Amino acid sequence: MRNGPHGVSRSSQRCLISVDRDGVLRIGNRVGVSNTVIICTRSVTIGDDVKAGFGVHIMDTDFHALDPEARRGAEDRLQRRSAPVRIGNNVFLGAGAFILKGVSIGDNAVVGARSVVTRSIPSNEVWAGNPARRIRGLEEGKVSPMMERSVHA
């Protein structure tokens, strides 16, 4: 694990960070996490000034094969799929969000609480939902009171 010279801040809540032997986890400067889970089998990169709300999960793997026969035996682990996850600078991940394999999240993006991110998010956008979808660009004005609660949870 490589993190910036300013380290990673976290609350008193425990985090779970698992990096496989061949995995590479990079964490930037001034990253704040709370009861966050990071599973890295291949590559997870978290930029500077990222804030992850309580219970965020970041995973670069499916954990198990999709084929039911393979899941029963030793082939399970060998057939699991993984793809790098990249989280840009100054990203806010709302409480309970899930960031799945192969996702890139652009700089300054906001992910609403309890969202499931299955595809990449451009910079300067607000996304929320299951699956997460674009709510608006950051330049488009204020969010609704409901979205404001979700984004700041």
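To convert, count from 1 in the sequence shown and add 3; that's the numbering used here.
Ideal Cβ positions, reconstructed from N, Cα and C, are used throughout, including at glycine.
Predicted model only: the values in this text are computed from it and were never measured.
Nearest-angstrom Cα distance between residue i and residue j?
| i | j | result |
| --- | --- | --- |
| Gly115 | Gly105 | 19 Å |
| Ala77 | Arg139 | 45 Å |
| Cys18 | Asn32 | 17 Å |
| Met4 | Arg80 | Below a pLDDT of 50, predicted positions are generally treated as unreliable, and Met4, at 44, falls in that range; the measurement from the model is reported next regardless. Spanning the two alpha carbons is a distance of roughly 22 Å. |
| Arg136 | Thr44 | 26 Å |
| Arg84 | Gly132 | 24 Å |
State buried or exposed for residue i, treating a residue as buried only when at least 16 other CB atoms are found within 10 Å of its CB.
| i | result |
| --- | --- |
| Leu69 | exposed |
| Val28 | According to the sequence as given, residue 28 is Leu; it is not Val. So Leu28 ends up on the buried side. |
| Glu72 | exposed |
To which residues does DSSP link residue i through a beta bridge?
| i | result |
| --- | --- |
| Thr64 | Ser85 |
| Thr39 | Thr39 is not bridged to any residue. |
| Ile108 | Ile90 and Ile124 |
| Val129 | Val113 and Arg139 |
Given a cut-off of 8 Å, decide if residue j and residue i are closer than it, judged by their beta-carbon atoms.
| i | j | result |
| --- | --- | --- |
| Val113 | Phe95 | yes |
| Val91 | Gly26 | The amino acid occupying residue 91 in the given sequence is Gly; Val does not appear at that position. In this structure, Gly26 does not lie closer than 8 Å to Gly91 by Cβ. |
| Arg122 | Ala100 | no |
| Ala86 | Phe57 | no |
| Leu141 | Asn111 | yes |
| Pro125 | Gly109 | yes |
| Arg74 | Thr48 | no |
Item to check | Stretch-stretch touch, CB-based, cutoff 8 Å, three pairs: the stretch 90 to 105 with the stretch 60 to 80 | outcome: Contact between the stretch 90 to 105 and the stretch 60 to 80 is present: three or more C-beta pairs spanning the two stretches fall below 8 Å.
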